[in-house]
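Student:
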């Protein structure tokens, strides 16, 4: 199946200039087009971000205004929500941010190491019943957590892991997030096999090919995995709810939900303020991390 | 090695899953306080204020009992029940459990709660009225101690009544017909800016119980079977439909939106309606969210009948899986019987069900709490309601679903009422 | 793939295949540990429980195929299947199309690329936040922004989020709104296409459109395929957003009753975990079938470089 395509794009091509550059006539036309494009993009951004902006604005409003005002205009500034939300529980909100960070970092590390190893085996090695193992791997992510949680809890309770971060981190170290294995398999298969072959001729074994050829080339996939693991773990509610019982090791999602009490009343201002606060780390990680999405073959492969 | 681990994992779940009910301390003889340091876990649902106050109460308790350490755990309502079911299933439930009327029988009937008669040496219930204690009993066994009391009330926004020149109702005589007329008048005089009322019930157990009693009917019979007459429920939904039709009540869409918005986003809090029905203890958050002159008055028909009832807002219970039932009971005793705890907890979990504590906290109430206490004292209280039977814990969502089908015209009230009651009976039979 | 295995066979013969088994086992060791220690046990437990009457609080009792025969007459199950299939088949194509389109636009050297990418991604970060419930009400409620927008054009709005006919639509919109996640994966995939291919194509005098068709699209198919599989599985398991927006009920009138939401209600709300486990295994069969079809079909449109 790949052979047909290989013909269409010969792998050994003479270096040429940037494909976007040959057209530079009609500069005025291009500028108009560019302005229109940006205007459209900015419009999209505004529509998309309205709810987020509303959340930020509302976190700065008094409680009795929040539900009455869908606009983004801020009449009276109420910064007290932040102080209130930060100190709402026995521990300051920073404790929950730190706890979440520990879980997230552990999960990212685990996923990066274990998933990339498994992905290399699936993408580059031949072994018995490979397709079946791959199918089993995908099957393991198709059951909803709600029916797994009770037997899983029994298991972790026997190990003495309840009320620690271990049930949230160790599974990631053992590549149970099959999505990322699959993602990395897809990326590795996009890496030209000729690079492997060249290394093999130089006498490299699989561990070295994996570490020195494949890993550097799949930085975008690793960055994607890291970012996704960050977001999914940061927002994951159910398993953290079940396994973390001591409020001192609560994470951000648990604290955020605990603001809401439909029967006895909710301090929405504080809840929204802390929602904004909890968005900041993920947003920063993304802003910083997205640089790595651009690495990989786009910059190194063409040399 | 791997094979052994599979077996270990599977074995663990296979053994523990069937093993649950038999565990626990069983008979009363061995319940006694330990001299050694003991750690017990206590869990509740609720928001930040409750967590703060409960932590203070725990600290006060630990001061009196230096060898007992209490680990408090708080969760949101939905997460609370998921976690409680999971930990109980795994034989690892907290010792002291905050319980709700909806779930009391589901847990009690299945042997996961301790018979509090076993711990009577440590938990004194003599200060409670018999009728109050009854609400914590399943088939005569005291599984839980009521913490607080609540009662359904009409909430009126006096500011809006004044603004549109409508007279406040006379709640000693008014009926549901009067209620509808006033709602229509409010909508008319406001020129449609507000609606007179929101939904007047039919989407939750409380309002249906009250309506049923007004019609000589009951939701559940003494032995926990469903006795609600479909025609009675259908009449309640027809009443709602008529009010929506006449404009006295908000549209079905607005009503449903309000249901999912919590107290702060509800229409009475945002000033879109002038009357509604709520529990008296909810007046405090409603006052804060609305900033208006909200008042609690008697429900239509309540004064001349004994249809209204005291609803235990929540309970304390001890897990039958607890290794330290005596310490757990001692903690509950402190929370419900000691003035030191009442001073801290106030009315946050509802107006204290223990009369002595109610009197004790009455001296120091804020505006909303005062309104709630005054209402409770002035209301005509009917007989206690039967506790929601085992299998009935899904009442409210099920009821909301059928009522929404009625409100959006997908089913006739009679048809929906029959189907709803049928489904409720099936669930309760399946659980028994 | 075929080409490489041929190469292996030619060069190394049988001995090599054996050695790869060992190497593969070492690379897969963490995953095998996870599978056999953590994953398989609870999965099998839930399979066994699906043949029992299990209320969580008391021992499970075998009841044979009763849970499965009960599914046939379960109207709410049928409703939830309808809701879920609608959701999968509408929201996945729209979301992926939007993500792919914008990824391609943004990949083409737009100035301020990082800014746009971050902004488009921001909604995906909100995830399971409780704030979503409030946000969505402010947008699609009867007094919400969307109706204000419609009023500008003289169109009368409605309570989008609370009426059974439109509630599911708002949740689909909510999912599409988070198209930033697949977009990021697309962007990473686009960046991984070796530049030399473009260079070759441009030497051949191919237009940009032709380059897109003959270079970008084929080389991106593994990533498109991945996103498709991932989003379909996710959409079938969709839970959190419906749970938060409808307060766990799947309302109004079951119009947003997603499959897993129903399963959750049975398992935890009604203490009916035996039936919930059976539902979970039915879901596994459905999702598994869709994934298998996806993999089978991928032979015809996905190009791998190995």
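Chains as they are written, first to last, in this note's numbering: chain G, 37 to 339; chain L, 656 to 1087; chain D, 174 to 479. Every residue gets a Cβ at the ideal spot worked out from N, C-alpha and C, and that includes glycine.
Report the three-state DSSP secondary structure of residue 261/G (helix, strand or coil).
Tutor: Residue 261/G falls in the helix class under three-state DSSP.
Student: Based on Cα-Cα distance, which residue from 460/D, 380/D and 432/D lies nearest to residue 402/D?
Tutor: Among 460/D, 380/D and 432/D, the Cα nearest to that of residue 402/D belongs to 460/D.
Student: Round the Cβ separation of residue 197/D and residue 163/G to the nearest angstrom and send it over; I've been treating them as touching at under 8 Å.
Tutor: Confirmed, about 4 Å.
Student: What did DSSP end up calling residue 797/L once you bin it into helix, strand or coil?
Tutor: It is a strand residue.
Student: When you compare the stretch 440–457 of chain D with the stretch 173–184 of chain G, are there three or more beta-carbon pairs, one atom per stretch, that lie closer than 8 Å?
Tutor: Yes, since at least three Cβ pairs between the stretch 440–457 of chain D and the stretch 173–184 of chain G fall closer than 8 Å, the two stretches touch.
Student: Give a yes or no on whether the minimum CB-CB distance between residue 111/G and chain L is below 9 Å.
Tutor: Cβ-Cβ to chain L under 9 Å: no for residue 111/G.
Student: Check the Cβ-Cβ distances between residue 672/L and every residue of chain D, and say whether any is below 9 Å.
Tutor: Low per-residue confidence applies at residue 672/L: pLDDT is 43, beneath 50, and the placement is therefore not dependable, though the value from the model is reported in the following sentence. Closer than 9 Å: yes.
Student: So what does DSSP say about residue 677/L, is it helix, strand or coil?
Tutor: For residue 677/L, the pLDDT reaches just 37, beneath the cut-off of 50, and the residue's location in the model is therefore unreliable, leaving the point undetermined.
Student: With a threshold of 8 Å, are at least 3 pairs of Cβ atoms found where one atom belongs to the stretch 239–246 of chain D and the other to the stretch 409–423 of chain D?
Tutor: No, the stretch 239–246 of chain D does not touch the stretch 409–423 of chain D.
Student: Please state the DSSP three-state secondary structure of residue 699/L.
Tutor: Three-state result, residue 699/L: strand.
Student: Assign residue 195/D to buried or exposed, taking buried as 16 or more other Cβ atoms, counted over all protein chains shown, within 10 Å of its Cβ.
Tutor: By the neighbour-count rule (16 or more Cβ atoms within 10 Å), residue 195/D is not buried but exposed.
Student: So, is the C-beta of residue 328/D closer than 9 Å to a C-beta in chain L?
Tutor: No, residue 328/D lies away from the interface with chain L (no Cβ there is under 9 Å from its Cβ).
Student: Got a sec? Which residues, its chain only, sit under 6 Å from residue 97/G by beta carbon, not counting five neighbours each side?
Tutor: Only 114 meet the Cβ criterion.
Student: Output, in chain order, the set of chain L residues within a Cβ distance shorter than 9 Å of residue 261/G.
Tutor: Within 9 Å Cβ-Cβ: nothing; residue 261/G doesn't reach chain L, min ~26 Å.
Student: What's the C-alpha gap between residue 305/D and residue 775/L?
Tutor: If you take the alpha carbons of residue 305/D and residue 775/L, they lie about 47 Å apart.
Student: Can you find a C-beta in chain D that's less than 9 Å from the C-beta of residue 1100/L?
Tutor: The structure shown does not extend to residue 1100/L, since chain L is modelled only from 656 through 1087, so no value can be given for it.
Student: State the CB to CB distance for the pair residue 855/L and residue 932/L, rounded to an integer number of angstroms; the pair is presumed to be in contact (CB under 8 Å).
Tutor: 6 Å between Cβ atoms; contact.
Student: What number of angstroms, rounded off, separates the C-alpha of residue 58/G from the C-alpha of residue 94/G?
Tutor: Bear in mind that the predicted position of residue 58/G carries a pLDDT of just 44, short of 50, making it unreliable; the figure below should be weighed with that in mind. The straight-line gap from Cα to Cα measures roughly 49 Å.
Student: Starting from residue 852/L, follow the beta strand (DSSP E) in both directions and report where the run begins and ends.
Tutor: Where residue 852/L is concerned, the enclosing beta strand (DSSP E) stretches over 850–852.
Student: Taking DSSP's pairing of strands, which residues face residue 1024/L in a bridge?
Tutor: Note: residue 1024/L sits in no beta bridge, so no partner.
Student: Please list the terminal residues of the continuous alpha helix (DSSP H) segment that includes residue 373/D.
Tutor: Start and end: 368–376.
Student: Select from the stretch 281–311 of chain G all residues with a C-beta closer than 8 Å to any C-beta belonging to chain D, and list them in chain order.
Tutor: From the stretch 281–311 of chain G, only 289, 292, 293, 295, 296, 298, 304, 307, 308 and 311 have a Cβ closer than 8 Å to chain D.
Student: Are the stretch 348–361 of chain D and the stretch 431–448 of chain D in contact at 8 Å, needing three or more beta carbon pairs?
Tutor: Verdict: no, contact absent.
Student: Using a Cβ-Cβ cut-off of 6 Å (strictly less than) and excluding sequence neighbours within five positions of residue 274/G, which residues of its own chain qualify?
Tutor: So the qualifying residues of the chain are 181.
Student: For residue 347/D, which residues from the same chain have a beta carbon less than 8 Å from its beta carbon, with the 5 sequence-adjacent residues on both sides left out?
Tutor: The residues are 305, 309, 414 and 418.
Student: Can you check DSSP and say which residues form a bridge with residue 931/L?
Tutor: Residue 931/L pairs with 810/L.
Student: Counting C-beta neighbours from all protein chains within 10 Å, is the total for residue 248/D 16 or more, i.e. buried, or is it exposed?
Tutor: Exposed, since its Cβ has fewer than 16 Cβ neighbours within 10 Å.
Student: Which residues in the same chain as residue 267/G place their Cβ atom closer than 7 Å to its Cβ, once the five residues preceding and following it in sequence are excluded?
Tutor: 318, listed in sequence order.
Student: Going by other Cβ atoms of all chains shown within 10 Å of its Cβ, with 16 needed for buried, is residue 437/D buried or exposed?
Tutor: The residue is buried, with at least 16 neighbouring Cβ atoms inside 10 Å.
Student: Suppose contacts are defined by Cβ-Cβ distances below 9 Å. Is residue 771/L in contact with residue 798/L by that definition?
Tutor: Yes; because the gap between Cβ atoms is below 9 Å, this pair is in contact.
Student: Quick check: what's the CA-CA separation for residue 158/G versus residue 266/D?
Tutor: Roughly 28 Å separates the two Cα atoms.
Student: Return no unless some Cβ of chain L is closer than 9 Å to the Cβ of residue 100/G.
Tutor: Yes - at least one Cβ of chain L is within 9 Å of the one on residue 100/G.
Student: Spatial neighbours of residue 660/L within its chain, please: CB distance less than 7 Å, with the 5 preceding and 5 following residues excluded, ordered by chain position.
Tutor: Since pLDDT at residue 660/L reaches only 33, below the 50 mark, its modelled position is unreliable, and no value is offered.
Student: At what residues does the alpha helix (DSSP H) containing residue 414/D begin and finish?
Tutor: Element bounds for residue 414/D: 413–418.
Student: At 7 Å on the CB atoms, spell out the chain G contacts of residue 294/D, in chain order.
Tutor: The answer, in chain order, is 322.
Student: Could one say the Cβ of residue 251/G lies closer than 9 Å to chain L's Cβ atoms, at least one of them?
Tutor: False, the Cβ-Cβ gap to chain L never drops below 9 Å.
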